[in-house]
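Structure record follows, encoded as structure tokens.
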Amino acid sequence: MIEENILLAILASAIATYLCRFFGVLFSKKLKINSWLFDWIKCISIGIIVAVISKIIFFPEGILEKTSSTSRILATFLLIIVFYISKKNILLSVILSTIFFTTINYYKISLL
Amino acid sequence: MFTFGAFLKSSDFSMLESFLSTFFAFALPGQFVMADMLIAGGNLINVFFAVLLTNLRLLPMTINMMPILENKKIKRWKYYLICHLIAVTAWINMLTVYKNINKEKRFQYFFGLGCCLWITSIICTVLGFVCSNFVNEKILIGLVFFNPMYFLVMTLSNITNKKLVITIILSIILGPLLYNFNPNWGILFAGFLSGTIGFLLFRKSNL
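If you read the sequences in order, they're chains Z and X. Just so it is clear: in the first sequence, position 16 is 16 by the working numbering, and no numbers are missing. Count along the second sequence starting at 1, add 112, and that's the number in the working numbering.
Written out as structure tokens, the structure reads:
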């Protein structure tokens with residue numbers, strides 16, 4: 001990847017991000033936030049974020065490529081289990097699953 | 113934002129690029145999607161639309177915030193500047209406290225709150241980037257992995273209805289699947305498809 005691409009990607013994402021806010025100000029008196037359109041937008045936003053996360057877990061790029069897929073999948077399951085057992089404690093679940101994942105990969109513990 | 117700095121470092125960003133990312137495209141989910149799309153080899157159009165669709169949630173958030181900040185003494189163009197500070201944390205905080213703030217002072221209050229969060233985010237991104245130079249690679253792996261886990265759990269905590277449950281299940285399956293078919297557009301299409309199916313299946317349901 002060339003340096004220029006990263007800068008252009010930052011510019012593209014800055015424009016995309018600002019447009020969302022800009023139109024929010026522009027249409028603040030014309031659009032109603034309870035409409036079906038925003039409900040749909042919320043579903044798509046969450047869909048994209050989860051698709052990216054899922055792709056990172058199954059097909060990571062960069063430094064995570066060096067880790068085992070079993071460790072990534074098990075850490076994700078641990079995250080979800082701790083999250084629901086701990087009555088949706090975000091910090092606890094993220095920290096525990098990250099510690100689990102780091103330990104497995106630090107000591108190269110074979111899981112399967 | 114600290115671990116996101118480490119994530120950017122592992123995605124081959126420079127310190128300046130990490131700084132610019134949070135400075136200009138301040139909204140963590142969009143930045144995360146942008147960085148991953150780039151290392152996956154996505155082009156600028158992919159990045160633009162992926163970030164646009166990810167951050168479209170800012171549109172209703174901004175619409176929601178404008179009547180709260182409204183003050184006839186403030187010139188209109190200033191709203192187009194302050195809107196850059198609307199992100200989840202500032203938005204939730206403002207919605208929680210605005211009734212206790214004099215209507216005339218709300219714009220200034222939000223400016224202070226938003227700027228504080230924005231500047232802190234920039235500093236933390238750069239700090240995370242710098243600190244990742246000094247940690248063992250195996251620890252860095254943990255810091256980088258923190259990011260997708262954090263986003264996943266934040267998303268799970270946002271599940272309020274069946275539409276989102278279906279959307280999440282579908283995108284977990286479709287994300288890697290469509291990415292394999294088309295690394296450039298697969299993720300974007302998977303998110304769009306999952307969200308649209310989830311929405312259409314339970315369109316009339318609020319549960």
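All residues carry an ideal CB built from backbone N, CA and C; glycine is no exception.
Closer than 8 Å to chain X by CB, residue i
{"i": "Z/M1", "result": "Unreliable placement is indicated for Z/M1, whose pLDDT of 49 sits below 50; no coordinate value is reported for it."}
{"i": "Z/I6", "result": "yes"}
{"i": "Z/I81", "result": "no"}
{"i": "Z/K87", "result": "no"}
{"i": "Z/F77", "result": "no"}
Closer than 8 Å to chain Z by CB, residue i
{"i": "X/R169", "result": "yes"}
{"i": "X/Y210", "result": "no"}
{"i": "X/C195", "result": "yes"}
{"i": "X/L140", "result": "no"}
{"i": "X/L207", "result": "no"}
{"i": "X/F246", "result": "no"}
{"i": "X/Q143", "result": "yes"}
{"i": "X/F293", "result": "no"}
Option in the options with minimal Cα separation from residue i
{"i": "X/A118", "options": "X/F263, X/N245, X/K274 and X/F293", "result": "X/N245"}
{"i": "X/F161", "options": "Z/S93, Z/V82, Z/L26 and Z/A9", "result": "Z/A9"}
{"i": "X/F301", "options": "Z/G47, Z/F23 and Z/W40", "result": "Z/G47"}
{"i": "X/F135", "options": "X/V238, X/E182 and X/M177", "result": "X/V238"}
{"i": "Z/F101", "options": "Z/K30, Z/A51, Z/L64 and Z/C43", "result": "Z/L64"}
{"i": "Z/K42", "options": "X/P295, X/N292 and X/N270", "result": "X/N270"}
{"i": "X/W297", "options": "X/S126, X/V163, X/E129 and X/K121", "result": "X/V163"}
{"i": "Z/L128", "options": "X/L170, X/A152, X/T166 and X/D124", "result": "Lying outside 1 to 112, the shown extent of chain Z, residue 128 of chain Z is not represented and no answer is given."}
{"i": "X/I180", "options": "X/F304, X/A152 and X/K217", "result": "X/K217"}
{"i": "X/N183", "options": "X/V247, X/I213, X/L282 and X/I151", "result": "X/I213"}
{"i": "X/M206", "options": "X/I186, X/R188, X/L229 and X/K185", "result": "X/L229"}
Would the segment 47-57 of chain Z count as touching the segment 274-291 of chain X if we require 3 or more Cβ pairs under 8 Å? At 8 Å Cβ cutoff, the stretches touch.
Closer than 8 Å is the cut-off here; do at least three beta carbon pairs connect the segment 221-232 of chain X with the segment 195-209 of chain X? Verdict: yes, contact present.
Pull out every residue of the segment 54-74 of chain Z whose Cβ sits closer than 8 Å to any Cβ of chain X, in chain order. Under the 8 Å Cβ criterion, the segment 54-74 of chain Z contributes S54, K55, I56, I57, F58, F59, E61, G62, I63, L64, K66, T67 and R72.
Short of 7 Å Cβ to Cβ, which residues in the segment 145-167 of chain X face chain Z? V145, M146, D148, L150, I151, A152, L156, V159, F160, A162, V163, L164, L165, T166 and N167
Three or more C-beta pairs closer than 8 Å, one from the segment 293-309 of chain X and one from the segment 61-75 of chain Z: is that the case here? no
Would you call the segment 129-145 of chain X and the segment 13-25 of chain Z touching, i.e. three or more CB-CB distances under 8 Å? Touching, yes, given that three or more Cβ pairs across the two stretches are closer than 8 Å.
Are the segment 115-132 of chain X and the segment 256-265 of chain X touching by the rule of at least three beta carbon pairs closer than 8 Å? yes
Quick check: the segment 20-29 of chain Z against the segment 165-180 of chain X, are at least 3 beta-carbon pairs closer than 8 Å? yes
Could you run through the segment 300-314 of chain X and flag, in chain order, every residue whose CB is less than 8 Å away from some CB of chain Z? L300, A302, G303, F304, L305, S306, G307, T308, G310 and F311
The segment 267-289 of chain X: which residues have C-beta closer than 8 Å to a C-beta of chain Z, in chain order? T267, L268, S269, N270, K275, L276, T279, I280, L282, S283, I284, I285, L286, G287 and P288
Sufficient close CB pairs (3 or more, under 8 Å) joining the segment 124-139 of chain X to the segment 75-93 of chain Z: Judged by Cβ distances under 8 Å, the segment 124-139 of chain X makes no contact with the segment 75-93 of chain Z, as fewer than three pairs qualify.
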